[in-house]
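Asker:
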Amino acid sequence: MTQPLFRFAPSPNGLLHLGHAYSALLNANLAKRFGGRLILRIEDIDITRCGPEYDAAIIRDLAWLGLRFDEPIRRQSQHFDDYRLLLRRLREAGLVYPCFATRKEIAQAVAAREAETGSPAPRDPDGAPLYPRRCAGLDPAEAQARIEAGEPFALRIDMAKALAEAARIAPEGLAYARFDRDGVITRVPADPARWGDAVIMRKEIPTSYHLAVVHDDAAQGVTHVVRGRDLEAATDLHVLLQCLLGLPTPLYHHHDLIRDEAGEKLAKSRISTPIAQLREEGADPAALRAMLGFEA
Numbered sequence: 053m054t055q056p057l058f059r060f061a062p063s064p065n066g067l068l069h070l071g072h073a074y075s076a077l078l079n080a081n082l083a084k085r086f087g088g089r090l091i092l093r094i095e096d097i098d099i100t101r102c103g104p105e106y107d108a109a110i111i112r113d114l115a116w117l118g119l120r121f122d123e124p125i126r127r128q129s130q131h132f133d134d135y136r137l138l139l140r141r142l143r144e145a146g147l148v149y150p151c152f153a154t155r156k157e158i159a160q161a162v163a164a165r166e167a168e169t170g171s172p173a174p175r176d177p178d179g180a181p182l183y184p185r186r187c188a189g190l191d192p193a194e195a196q197a198r199i200e201a202g203e204p205f206a207l208r209i210d211m212a213k214a215l216a217e218a219a220r221i222a223p224e225g226l227a228y229a230r231f232d233r234d235g236v237i238t239r240v241p242a243d244p245a246r247w248g249d250a251v252i253m254r255k256e257i258p259t260s261y262h263l264a265v266v267h268d269d270a271a272q273g274v275t276h277v278v279r280g281r282d283l284e285a286a287t288d289l290h291v292l293l294q295c296l297l298g299l300p301t302p303l304y305h306h307h308d309l310i311r312d313e314a315g316e317k318l319a320k321s322r323i324s325t326p327i328a329q330l331r332e333e334g335a336d337p338a339a340l341r342a343m344l345g346f347e348a
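Residue numbers (this note's numbering): 53 to 348.
1. In terms of alpha-carbon separation, which member of MET253, LYS317, LEU207 and LEU303 lies closest to ARG239?
2. For VAL278, list the residues DSSP reports as bridge partners.
3. Would you say THR275 and LEU57 are within 8 Å of each other, going by their C-beta atoms?
4. So what does DSSP say about MET53, is it helix, strand or coil?
5. Does the segment 188 to 204 come into contact with the segment 128 to 135, if we say contact requires no fewer than three beta-carbon pairs (one atom in each stretch) closer than 8 Å?
6. Using only alpha-carbon positions, find the residue among ALA218, ALA115, ASP249 and ARG175 that is nearest to ARG185.
7. With TYR261 as the anchor, note down where its alpha helix (DSSP H) starts and where it stops.
8. What separation, rounded to the nearest whole angstrom, lies between the Cα atoms of PRO177 and MET211?
9. Touching or not, the segment 164 to 173 and the segment 224 to 232, by the rule of three or more beta carbon pairs under 8 Å?
10. Only counting the same chain, and skipping five residues up and downstream in sequence, which positions put a Cβ closer than 6 Å to that of ARG311?
11. Looking at the secondary structure, which residues open and close the beta strand (DSSP E) in which TYR228 lies?
12. If you draw a straight line from the alpha carbon of ILE327 to that of LYS84, how long is it in whole angstroms?
13. Extract the residue ranges of the beta strand (DSSP E) inside the segment 73 to 112, only unbroken runs of 3 or more that lie entirely within it.
14. Give every residue of the same chain whose Cβ lies closer than 7 Å to the Cβ of ALA61, excluding the five residues on either side of it in the sequence, and list them in chain order.
15. Quick one: complete alpha helix (DSSP H) runs, 4+ long, within the segment 114 to 149?
16. Which of helix, strand or coil does DSSP assign to THR238?
17. Mapping DSSP to helix, strand and coil, what is ARG185?
18. So is ILE209 buried or exposed if we call it buried at 16+ other beta carbons inside 10 Å?
19. From the DSSP secondary-structure annotation, give me the bridge partner or partners of CYS151.
20. How would you label ILE97, buried or exposed, when you count the other beta carbons within 10 angstroms and need 16 or more for buried?
Quick look at the structure:
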């Protein structure tokens with residue numbers, strides 16, 4: 053029987069806060085409970101925001117919390133060629149298309165649709181308007197000419213075609229297995245259609261979070277994914293990609309988020325108190341672990 057493999061996968065685009073500490077400690081706790089291993093992955097595909105100083109800070113903070121990970125540490129920025137290969141497969145299968153539209157152009161198209169229909173545009177689980185397929189009908193020769201001319205473009209999944217292909221591969225329907233802290237497993241239907249034609253390769257980066265994470269989980273042999281509930285809906289899209297690319301689907305557990313006094317989730321963008329600051333102020337790591345519900 054395969055030994056369970058868990059992973060903690062932060063992005064070095066800011067300092068870790070208590071929400072990250074909780075997720076990392078929960079991964080370690082469940083890995084120990086299920087007799088598994090725990091690895092660290094640095095998800096640094098966003099080369100415009102990630103930096104080595106944050107990478108080093110992550111390592112320091114996790115060590116201070118008493119966490120240990122099996123080597124080696126995988127850094128996604130070193131594997132762009134792997135992601136390009138997956139993109140090539142999706143392009144050759146006709147399941148993605150280039151999108152040259154700017155954010156402003158997309159917003160204008162959404163506004164025009166709303167004005168025409170008199171109702172709000174449909175939204176994805178994150179609350180953003182679904183992409184209005186502005187570039188979906190471009191002539192392939194025209195699209196290729198624009199690419200060769202150096203025009204920036206993203207790659208979007210053609211959701212209708214992708215769902216049709218997924219139905220052929222998995223006629224029983226898309227789903228994933230959710231596990232709780234006692235190891236009880238339940239089947240969860242996946243509904244990737246609610247994401248519309250999601251971006252699979254960003255304009256400035258030869259991949260996306262969605263593509264990189266499903267590739268790396270498969271490449272590293274991850275069997276159990278433990279992450280925040282804010283990523284639960286994204287699992288539907290990940291299951292679709294795993295189906296289309298013939299990748300295994302791990303078991304998933306999405307935990308509740310740590311929130312501040314105002315009820316807002318902790319976030320780097322909100323400048324939530326960093327673990328580094330707590331350490332510098334003399335916080336005790338054992339007391340912090342106990343406060344988060346883990347053994348001191």
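Note that beta-carbon positions come from the ideal geometry of N, C-alpha and C, so glycine has one too.
Everything numeric in this text was worked out from a predicted model, so none of it was measured.
Answerer: Result, derived from the coordinates:
1. The residue labelled residue 239 in the question sits at position 187 within the sequence shown. Minimum Cα-Cα distance from ARG239 among the listed residues MET253, LYS317, LEU207 and LEU303 corresponds to LEU303.
2. Locating residue 278 in the sequence shown gives position 226, counting from the first residue. DSSP, once it has assigned bridges, lists HIS305 as partnering VAL278.
3. As a working note, residue 275 is residue 223 in the sequence shown. As a working note, residue 57 is residue 5 in the sequence shown. Cβ atoms of THR275 and LEU57: closer than 8 Å.
4. Your numbering for residue 53 matches position 1 in the sequence shown. Here MET53 sits in coil by DSSP.
5. Not touching, per the Cβ criterion.
6. Position 133 of the sequence shown holds residue 185. Checked all of ALA218, ALA115, ASP249 and ARG175; the closest Cα to ARG185 is ASP249.
7. Translated into positions along the sequence shown, residue 261 becomes position 209. Per DSSP, TYR261 belongs to the alpha helix (DSSP H) from 261 to 272.
8. Locating residue 177 in the sequence shown gives position 125, counting from the first residue. Locating residue 211 in the sequence shown gives position 159, counting from the first residue. In a straight line, the C-alpha of PRO177 is about 15 Å away from that of MET211.
9. Flag = no, the segment 164 to 173 and the segment 224 to 232 do not touch.
10. Position 259 of the sequence shown holds residue 311. Excluding the 5 residues flanking it on each side, ARG311 has same chain C-beta neighbours closer than 6 Å at LYS317, in chain order.
11. Counted from its first residue, the sequence shown places residue 228 at position 176. Membership of TYR228 in the beta strand (DSSP E) is indicated by the continuous run 227 to 231.
12. Your numbering for residue 327 matches position 275 in the sequence shown. Your numbering for residue 84 matches position 32 in the sequence shown. About 23 Å.
13. List check, beta strand (DSSP E) in window: 89 to 94.
14. Here residue 61 refers to the residue found at position 9 when the sequence shown is read from its first residue. Excluding residues within five positions, the ones whose Cβ falls inside 7 Å are ARG93 and GLU95.
15. DSSP runs (the alpha helix (DSSP H)) wholly in the segment 114 to 149: 132 to 144.
16. Residue numbering aside, residue 238 sits at position 186 when the sequence shown is read from its first letter. Here THR238 sits in strand by DSSP.
17. Indexing the sequence shown from 1 puts residue 185 at position 133. Coil.
18. Taking the first residue of the sequence shown as position 1, residue 209 is located at position 157. Its Cβ being crowded by 16 or more others within 10 Å, ILE209 is buried.
19. Here residue 151 corresponds to residue number 99 of the sequence shown, with the count starting at 1. Note: CYS151 is bridge-paired with ALA206 in the DSSP secondary-structure output.
20. Here residue 97 is taken as the residue at index 45 of the sequence shown, counted from 1. Buried: at least 16 other Cβ atoms inside 10 Å.
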